[in-house]
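Q:
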Amino acid sequence: MGTLSALLRRLLMTLVVIVCVSIITFLATRLLPTDPAALYAGPRASAEKIDAARLALGLDKPLVSQYLTFAGDALRGDFGVSFRTRQPISADIARFLPATLELIVAAMFLALVIGIPLGVIAAARPEGKLDQVLRLFAISLASIPGFWVAMILQLVFFKWLNWLPLSGRVSTETMLFSPIESITGMGTVDALITRNWVAFRDAFAHLILPALTLSLYPIGLALRMTRGAMGAVMSERHITTARAMGLSQSTILFRFALKNAIVPVLTVLGLTFAFSLTGAVLVEVIFDWPGLGAYVTAAILAVDFPVIMAVTLVGTVIYVGINFLVDLAQAMLDPRVRLS
Amino acid sequence: MKLIRHLLIAVASVLAIQLPALAQSPSIFTATYSSGFIDLDPSTAASSEIAVLANVYEPLVWWQPGSDGGDADLMPGLATSWDVSEDQLTWTFKLRDGVVFHDGTPFTSEAVKYSIERTQRLEGASSWIWWAVQSVETPDALTAVFKLSDPSPIALIASSAYNAWMVSPSVGDKAGDWFNAGNAAGTGPFTIRAYEPGVQAILQRFDNYWGDKPEGGIDIAVLDIVEDPVLREQRLLGGKSDWSENLETDNLAQIDENPNVSVVRFNAFQNFFGMYNTAKPPLDNLAVRQALSYAYPYDLLVNDIMAGQVTQARGAVPVGMPGHASDAMQFSQDLDKARQLLTDAGIEDNSLNLTVTYTTGLPEPQKAAELYKATLAEIGVNLTLQPMSWEAQYEMATADPASAQDIFMMFWWPTYVTSLDFLSSLFRSEDTINYNLSYYQNPAFDALVDEGADTMATDAAASAKSFEEASRVLAADAPAVFLYDQQSVYGVSNAIKGYQANPAYTNVVFLNQISR
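First to last, the sequence lines map onto chains A and B. Note that my numbering has the first sequence beginning at 26, numbered continuously upward. Note that my numbering has the second sequence beginning at 19, numbered continuously upward.
1) Just checking: is the beta-carbon of B:Val16 within a distance shorter than 8 angstroms of some beta-carbon in chain A?
2) Please state the DSSP three-state secondary structure of B:Pro405.
3) Based on DSSP bridge pairs, tell me the residues matched to B:Leu221.
4) Quick one: Cα of B:Ser421 to Cα of B:Val435, how far?
5) Please confirm whether B:Val163 has its beta-carbon closer than 8 angstroms to some beta-carbon of chain A.
6) Taking Cβ positions only, does B:Arg253 come closer than 8 angstroms to chain A?
7) List the whole-angstrom C-beta distance separating B:Leu389 from B:Asp424, where the pair is believed to meet the contact cut-off of C-beta under 8 angstroms.
8) Exposed or buried, which one is A:Val158 when buried takes at least 16 other CB atoms within 10 Å?
9) Can you grab the Cα-Cα spacing for the pair B:Gln308 / B:Ala297, in whole Å?
10) Applying the 10 Å Cβ sphere with the 16-neighbour rule, what's the burial state of B:Asn295?
11) Where does the unbroken alpha helix (DSSP H) through B:Pro247 begin, and where does it stop?
12) Since B:Val282 sits in a beta bridge, which residues does DSSP pair it with?
13) Mind listing the chain A neighbours of B:Ile46? Cutoff is C-beta to C-beta under 7 angstroms, in chain order.
14) Please classify A:Pro331: does DSSP put it in a helix, a strand, or coil?
15) Let me see if you follow: with CB-CB separation under 8 angstroms, is A:Gln274 close to chain B or not?
16) Using the three-state DSSP reduction, which class does B:Val328 fall into: helix, strand or coil?
17) Based on the DSSP output, what are the partners of B:Ala475 in its beta bridges?
18) Given a threshold of 16 other Cβ atoms within 10 Å of its Cβ, counted over all protein chains shown, does A:Arg109 qualify as buried or as exposed?
19) Can you give the beta carbon distance from B:Pro340 to B:Ala90, rounded, assuming they're within the 8 angstroms contact cut?
20) Give the range of the beta strand (DSSP E) segment to which B:Asn371 is assigned.
21) Show which residues of chain B have a CB atom less than 8 angstroms away from the CB atom of A:Pro315.
22) How would you write the range of the alpha helix (DSSP H) that A:Leu200 sits in, first residue to last?
23) Could you check where the beta strand (DSSP E) with B:Ala162 kicks off and where it finishes?
24) Pull up the distance between the alpha-carbon of B:Thr359 and that of B:Asp345, whole angstroms please.
25) For chain A, check one thing: does any of its Cβ atoms lie closer than 8 angstroms to the Cβ of B:Asp362?
26) Does any residue of chain B bring its CB to less than 8 angstroms from the CB of A:Lys154?
27) In chain A, which residues lie less than 7 angstroms from B:Leu249 when you measure between Cβ atoms?
28) Could you name the residues that DSSP lists as bridge partners for B:Ser144?
29) In whole angstroms, what is the alpha-carbon distance linking B:Glu128 and B:Phe224?
30) Would a check of beta-carbon distances place A:Phe183 closer than 8 angstroms to chain B?
31) Per DSSP, which one or two residues make a beta bridge with B:Gly292?
32) Just to confirm my understanding: we take A:Pro113, look at its own chain, exclude 5 residues before and 5 after, and list those with CB closer than 7 angstroms. What are they?
33) Am I right that A:Leu186 and A:Leu234 are in contact with their C-beta atoms under 8 angstroms? What's the rounded C-beta distance?
34) So, is the C-beta of A:Thr110 closer than 8 angstroms to a C-beta in chain B?
35) Who pairs with B:Ile46 in a beta bridge, going by DSSP?
36) A:Leu201 CB to nearest chain B CB: under 8 angstroms?
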């Protein structure tokens, strides 16, 4: 089977998954024991207003045609209007998604630069003291609840030391006197592009604690994954050869061994990235980070189902998309991996 | 390793550099709200967004709570005086001179006409308050005349927190989208500088405001939306916020201990009660209603479940509102009396099965209903709890009283400050069921309510007297178990001076009254 047809087949599967998820989300929201028309019409609405809302929302039409309308609009990037905020949902997502992405990218960056080197160090002397300490460290990171760590970090770095801001994306002063011009929607990136240094410092300081909280699990994961993969590679013959040639330990570890060990680590981190889209919810609420997680939490509490549907769908597309890219990257990095 | 070291250095240097001192620092006030603003269109907004609107727009008339034992009163807003004709069908408002909208348009009678007509045209949730207004005439620039189809207390209605703001005619045909994009066209002391839905609104002082700025008044106000209660508290205690609403009840005492912050409480015009079904046995019998009202453990509800953040209700009208009768019948728990009343009514022990409906999603009704079930069990009455969505609860109540619930629990609050909204909307006889979900019918009570309504526009004191009498009659007849009157509780920084809440405008901080 050719690579191209395998690629197409894989792409087709991805599309099928997205369609299935959209159908399930659509049906789930229709099965809720609340009348969407009454929700849309608002509190203490008259019967006429609720009927008018039912017509406006097309809820009087058969389910299949309702779904087709929903899917058609969604394809054009139109998710309708939020019941709660009365804002177009696409615009809301465009505003909130970059904030979440900024947070996740920062967290993943931390996972890469902290987790992987520590994993390599742990693998240098298997079962040594350092290895055991790092194992404990990794397991702790992966198992401590994020919301607890978040509050401890706030307590220490805001309340006691007053080094870092408590919450939000920028301070009031920055917002008022050196506002960030929105280009990508990611505060630190936009400040960097527009060379707004005051705002960059401020946005960066605001990013540290939430990113750190969100990175704990991926750091632990990257550490363990790297350590595991390195363990296998280190006992292979080309490493023994490198040793025999008298190469330094760090050259062997980082130059030769890590190169072979990194593929599965990147794969897992890629999937964690997609997973963090939903995992960021708690972190966003605790740090008042105006991202997708905080947005969808408020929507769920208010049974604002157009928003719930839209966010689920966007999340699915990103998740499946990243999955696909990870597969692709694997195939490119490691010729042994076949797409089929 | 090198990478990590570089990274640490980078972080350290970022932290070390402080923000440059601002050359001329304006006075900033930061408030934290628990839920986002939804609709910033002053003609249709019906919810928490009045926190913004009451500072950006002004009404013709403000409602002022009574202070130091004085009566509540109407105060001039954009109107300096008003008059009603003998037949109560013509209201004449003299307007304030020298007022301009934020866009420079002068405020005249044309603006009044435009604002009222826009509100009527857009049919927002509270636009019905103007139902009696047939036309607004503009004999001269500073006189607006309201022509009515029926007598209606227009001056009081003009003080409504919802759908009574004056808007610049320059808005033209623009709809809600324009306002929700952060635009505004009011006469208020503040303008909207930036608005991000669900995140924050930044208001800035309007330099051409007709009124004065208080000594040390603030220049910029940031209204942040923070949904997490712990974070709201942290921001307040950490000095990142000067004012916050909706703090965790359990933490209030601790917050109050902080030397920089005070917890303040105000009456709120919202109450919570359970309406008895007076249209069918056994609650058509006064003795049974009294028994059930004597059974409720009010102290437990008020002091333990609500942690003393509410006050036990006395009748249907909340405390602090004209028409509230401070000597109306108030039940307290007396289980022996309750048992006796049931026996006298010929009801055998354990033979009474009742249902209570309440809205899901809020913790208070759930707790209040569970408490009721537990105490009623002690006097041999079985109460079935039926939590439902509001729509379902309301639909069941309005379909057929004979097969409806026995007790209907709900919150109630008025659109504009009038006890009529409690007495008439909830308990006056109805031909078709609307909100009288007790299905209560009492001609003597109806007459008193009508008497109060008739004199509302011409003689506020006489009207309040009639409403008080109606409240007394109602409380004694127990068509509902009146549970508690809500209080508004806020955490406020001690650096802020002059802060006063006004229960007619829920959760509004009047920015031109405070200073640092």
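Where is the CB? At the ideal position from N, CA and C, for every residue including glycine. Small disclaimer: the values here were computed from a predicted structure and weren't measured.
A: Taking the definition as stated:
1) The shown model of chain B, from 19 to 534, leaves out residue 16 of chain B, and the question about it has no answer.
2) Correct three-state label for B:Pro405: strand.
3) Answer is B:Ile210, B:Ala239.
4) Going by the C-alpha atoms only, they are around 34 angstroms apart.
5) No, its Cβ sits nowhere closer than 8 angstroms to a Cβ of chain A.
6) Residue contact with chain A for B:Arg253: present (Cβ-Cβ distance below 8 angstroms to some residue of chain A).
7) Actually they do not touch by this definition, with Cβ atoms about 17 angstroms apart.
8) Burial call: exposed.
9) Each residue's Cα considered, the two are about 16 angstroms apart.
10) In summary, B:Asn295 is buried, with 16 or more beta-carbon neighbours lying within 10 Å of its beta-carbon over all protein chains present.
11) Note, B:Pro247: alpha helix (DSSP H), 247–255.
12) Answer is B:Tyr508.
13) Residues of chain A with a Cβ closer than 7 angstroms to the Cβ of B:Ile46 are, in chain order, Thr197.
14) Helix at A:Pro331.
15) The beta carbon of A:Gln274 does not come within 8 angstroms of any beta carbon belonging to chain B, so the residue lies off that interface.
16) Reduced to three states, the DSSP call for B:Val328 is strand.
17) Looking at the DSSP assignment, B:Ala475 forms no beta bridge with any residue, so it has no partner.
18) Per the 10 Å Cβ criterion, buried.
19) Right, their Cβ atoms sit about 6 angstroms apart.
20) Looking at the DSSP string, the run of the beta strand (DSSP E) that includes B:Asn371 is 370–377.
21) The answer, in chain order, is Glu214, Gly216, Val217.
22) With the sequence shown as reference, residue 200 of chain A is identified as Met, and Leu is not the correct amino acid for it. Boundaries of the alpha helix (DSSP H) around A:Met200: 197–202.
23) Boundaries of the beta strand (DSSP E) harbouring B:Ala162: 161–166, taken from the DSSP string.
24) It is Leu, not Thr, that sits at residue 359 of chain B in the sequence shown. C-alpha separation (whole angstroms): 23 angstroms.
25) Among the residues facing chain A, B:Asp362 is not included, as its CB has no counterpart in that chain under 8 angstroms away.
26) No - not a single Cβ of chain B is within 8 angstroms of the one on A:Lys154.
27) The CB of B:Leu249 comes closer than 7 angstroms to the CB of Ser192, Ile311, Asp313 in chain A, given here in chain order.
28) Paired residue(s): none; B:Ser144 is not in a bridge.
29) Cα-Cα distance, rounded: 22 angstroms.
30) Chain B, which has a Cβ nearer than 8 angstroms to the Cβ of A:Phe183, makes this yes.
31) For B:Gly292, which the question treats as bridged, DSSP gives the partners B:Met427, B:Val499.
32) The residues are Val106.
33) That pair is no contact at about 12 angstroms.
34) Judged by the 8 angstroms Cβ criterion, A:Thr110 is in contact with chain B.
35) Answer is B:Ile238.
36) Closer than 8 angstroms: yes.
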